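J.:
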Amino acid sequence: MTGGEECPSCDKLSEYCSSADVSKIYNLYGITEVSCWASYRNLSPENDCQIIGVPMRETLLQVRDTRGNAVHDGIGEMFIGSSSRVCILGDEIIPKILSDTKTVPLFRATGDLVQVENDGKSFRFLGRKDRIVKRWGQKINLALIEEAARKNACVSNCCCISDDQKGLVLFYQLDNFKKGDESELRCWLKTDGQLANSASIPDITVQLHEMPLNSNGKIDHPNINHRFELPTRLNLEKFSLLHSTISILSQMCSKS
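Okay, here's the thing in structure tokens:
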């Protein structure tokens, strides 16, 4: 069973499964405020690993737009609800009708964006709502950049962040601590990674031996940027200009 983090890609999943393997892998989806086991889906290399499974008993899945209206076709935020699987947060007051009759479901926002498909019967996970950023006038999804990077056979894990000073930064970890060429990964993302949108190409790629984790064992997205000394975007532009100037001068000298 997998859960707690984004589901592995089908390519990664196929590395652990063979045609002769009879074991089953399930992806669990949920939030602590209701249950980490709110829905489940049996995974295989042939099906879409980004589809959220069916809700468990006494659990409801609902997608809403920014106005709180239910979304039956399109993109919205996933909400998980239940009238029996209820977690009280702090000094929160639950409506009396809920505590008395247990018939009114209490919904919690997950912070996840999903695409409603198949006449509202299936939900495709798109990423965290707070991981949609605007860059060069275009909205980009940091989770989709990470998904593209993980398609590289050598990349075992990665984390993409957006920083006002440093630009778009992709931290990545290679299998078996291999040493990789960071410029090669950026080129790969443009071609095999299928990141055709130039706004989605990272300004900086940083190879790590291991990903920093928070106390819950998840990648420490909010603080990963502050743990490493990185060049700013301005310094990168100066370096790029200097590199171009040196190349031009070198070509001129070779011709003379």
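Numbering of the sequence shown is given in UniProt numbering, commencing with residue 1 and proceeding in unit increments.
In this text, a Cβ means the ideal position worked out from N, Cα and C, and glycines have one as well.
Quantities reported herein were computed from a predicted structural model and do not represent experimental measurements.
What number of angstroms, rounded off, separates the C-alpha of Thr110 from the C-alpha of Ile145?
T.: The count along the sequence shown starts at 1 and reaches residue 110 at position 110. The count along the sequence shown starts at 1 and reaches residue 145 at position 145. Taking the CA atoms as reference points, Thr110 sits about 21 Å from Ile145.
J.: Might you give, ordered along the chain, the residues of its own chain that have their beta carbon closer than 8 Å to the beta carbon of Phe107, omitting 5 neighbours on each side?
T.: Against the sequence shown, residue 107 aligns to sequence position 107. Excluding sequence neighbours, Phe107 sits near Leu60, Gln62, Phe79, Ile80 and Gly81.
J.: Using three-state DSSP, classify Ser200 as helix, strand or coil.
T.: By one-based count along the sequence shown, residue 200 stands at place 200. DSSP places Ser200 in helix when its eight states are reduced to three.
J.: What's the gap between the Cα of Asp73 and the Cα of Ile52?
T.: Position 73 of the sequence shown, counted from the start, is the residue given in the question as residue 73. Position 52 of the sequence shown, counted from the start, is the residue given in the question as residue 52. Asp73 and Ile52: Cα-Cα distance of roughly 15 Å.
J.: Assuming Asn216 and Ile161 make a contact with CB atoms under 8 Å, what is their CB distance in whole Å?
T.: Residue 216 sits at position 216 when you count from the first residue of the sequence shown. Residue 161 sits at position 161 when you count from the first residue of the sequence shown. Incorrect: roughly 18 Å between the Cβ atoms, too far for contact.
J.: Taking three-plus beta-carbon pairs below 8 Å as touching, is the stretch 135 to 150 in contact with the stretch 186 to 200?
T.: yes
J.: Thinking C-alpha only, which one of Gly4, Thr205, Ser44 and Met1 is nearest Lys166?
T.: Translated into positions along the sequence shown, residue 166 becomes position 166. Considering only alpha carbons, the answer is Thr205.
J.: Taking the Cβ atom as the reference point for each residue, do Glu46 and Arg64 lie within a distance shorter than 8 Å?
T.: Within the sequence shown, the letter at position 46 stands for residue 46. Within the sequence shown, the letter at position 64 stands for residue 64. Cβ distance not < 8 Å, so Glu46 and Arg64 don't count as in contact.
J.: Within its chain, find whatever has a CB closer than 6 Å to the CB of Val22; leave out the 5 residues flanking it on each side and keep chain order.
T.: Position 22 of the sequence shown, counted from the start, is the residue given in the question as residue 22. Excluding positions up to five away in sequence, the list is empty.
J.: Quick check on Asp130: does DSSP put it in helix, strand or coil?
T.: Within the sequence shown, the letter at position 130 stands for residue 130. Correct three-state label for Asp130: helix.
J.: Within a Cβ cutoff of 6 Å, which residues of the same chain sit near Met1, ignoring the five residues on either side of it in sequence?
T.: The residue you call residue 1 lines up with position 1 of the sequence shown. Cβ neighbours of Met1 beyond the five flanking positions: Tyr26 and Leu28.
J.: On a CA-only basis, which of Val34, Leu185 and Cys49 is nearest Arg41? Give me that one, please.
T.: For the purposes of this step, residue 41 is identified with residue 41 of the sequence shown, where counting begins at 1. Checked all of Val34, Leu185 and Cys49; the closest Cα to Arg41 is Cys49.
J.: Output the distance between the C-alpha atoms of Ile97 and Pro105, rounded to the nearest integer angstrom.
T.: Position 97 of the sequence shown, counting from 1, holds the residue named residue 97. Position 105 of the sequence shown, counting from 1, holds the residue named residue 105. Legend: pLDDT at Ile97 = 49, less than 50; position of this residue unreliable, value from coordinates given subsequently. Their Cα atoms are separated by approximately 10 Å.
J.: Ordered along the chain, which non-local residues of its own chain (more than five positions away) have a Cβ less than 8 Å from that of Asp112?
T.: Within the sequence shown, the letter at position 112 stands for residue 112. Within the same chain, Asp112 has close Cβ partners Glu77, Met78, Phe125, Leu126, Gly127, Arg128 and Lys129.
J.: Is there at least one non-hydrogen atom of the ligand ATP closer than 7 Å to the beta-carbon of Gly30?
T.: For the ligand ATP, the structure offers nothing, since it holds no ligand at all.
J.: Check each candidate in Ser39, Gly4 and His209 and name the one with the smallest Cα separation from Ser122.
T.: Numbered from 1 along the sequence shown, position 122 holds the residue referred to as residue 122. The candidate whose alpha carbon is nearest that of Ser122 is Ser39.
J.: Can you give the beta carbon distance from Leu142 to Val155, rounded, assuming they're within the 8 Å contact cut?
T.: For the purposes of this step, residue 142 is taken as residue 142 along the sequence shown, with counting starting at 1. For the purposes of this step, residue 155 is taken as residue 155 along the sequence shown, with counting starting at 1. Between Val155 and Leu142 the Cβ distance is about 15 Å, and since that is not below 8 Å, they are no contact.
J.: Identify the residues that DSSP records as bridge partners of Asn42: which are they?
T.: Locating residue 42 in the sequence shown gives position 42, counting from the first residue. According to DSSP, Asn42 bridges with Tyr26.
J.: Taking Cβ positions, are Leu170 and Pro202 nearer each other than 8 Å?
T.: Translated into positions along the sequence shown, residue 170 becomes position 170. Translated into positions along the sequence shown, residue 202 becomes position 202. Against a cut-off of 8 Å, the Cβ pair of Pro202 and Leu170 comes out as a contact.
J.: Tell me whether Asn216 sits in a helix, a strand or coil according to DSSP, three-state version.
T.: Walking along the sequence shown from the start, residue 216 turns up at place 216. Three-state DSSP puts Asn216 in coil, outside helix and strand.
J.: Could you check where the alpha helix (DSSP H) with Glu77 kicks off and where it finishes?
T.: Position 77 of the sequence shown, counted from the first residue, corresponds to residue 77. Counting along the chain, Glu77 falls outside any alpha helix (DSSP H), though it belongs to the beta strand (DSSP E) covering Gly74 to Ser82.
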